[in-house]
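Mapping the sequence shown onto my numbering, position 57 (from 1) lands on 267, and the numbers just tick up by one. C-beta: ideal position from N, C-alpha, C; glycine also. Structure, as structure tokens:
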Amino acid sequence: MKYAEAFEKYEQLTIAPMGAEQLAVSKKRMLPTAPFPRKYVHSVFVDLQDAKQAAQTLRAAGFGERDIYVLEGSDFVEAALRGQSPLGFLTSMDDDVYMREASRGRSFLAVRPTNFAQLKQIRDLLAPHNAHLVKYIDTWTVAELLP
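Pasting the structure below:
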């Protein structure tokens, strides 16, 4: 029941039209390196500022700056498709949900955990920043951390 309520609330946020004003994005463009999109925790944010604050929270908790990426939708798509075969990309991403969010102009945060035990910590750090669709994408599995 909680999942359905959270998803309905999220869908209401995503249906709202995007305003003409967009938050400024850092001029320094950095895309994740291979094996992206695998072995990363992916999360979607309606508000770019929430994604940036979540990244700061992760850094404050000890996650390395080189393992955290805040991406605009087009950058997320480019990073995910770079060097990946279309079939491998589709099977590893578990649906087109991230592509749909990218087309809506959403922001993404990707973080690479150093071990499996960090997944719960990452989830707990992202949740207060309005993160949605938080999933860990591994080589052969997908773990949903937040709806």
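Answer yes or no: do residue i and residue j have a C-beta to C-beta separation smaller than 8 Å?
i, j, result
"Y279", "A337", "no"
"V254", "L329", "no"
"Y346", "L355", "yes"
"A341", "A264", "yes"
At the level of alpha carbons, what is the spacing between residue i and residue j?
i, j, result
"G274", "V287", "23 Å"
"A312", "L281", "10 Å"
"D348", "R248", "5 Å"
"D306", "L343", "12 Å"
"Q266", "G272", "10 Å"
"V256", "G315", "8 Å"
"R292", "S284", "12 Å"
"S317", "D260", "9 Å"
"R310", "A270", "31 Å"
Just to confirm the assignment, what range does the alpha helix (DSSP H) spanning residue i have?
i, result
"K330", "Q328 to L336"
"V307", "V307 to S313"
"E288", "G283 to L291"
"A261", "L258 to A270"
What residue does the beta strand (DSSP E) around residue i start on, and which one ends it?
i, result
"K345", "H342 to I347"
"H252", "Y250 to F255"
"F273", "Element bounds for F273: n/a, residue is neither H nor E."
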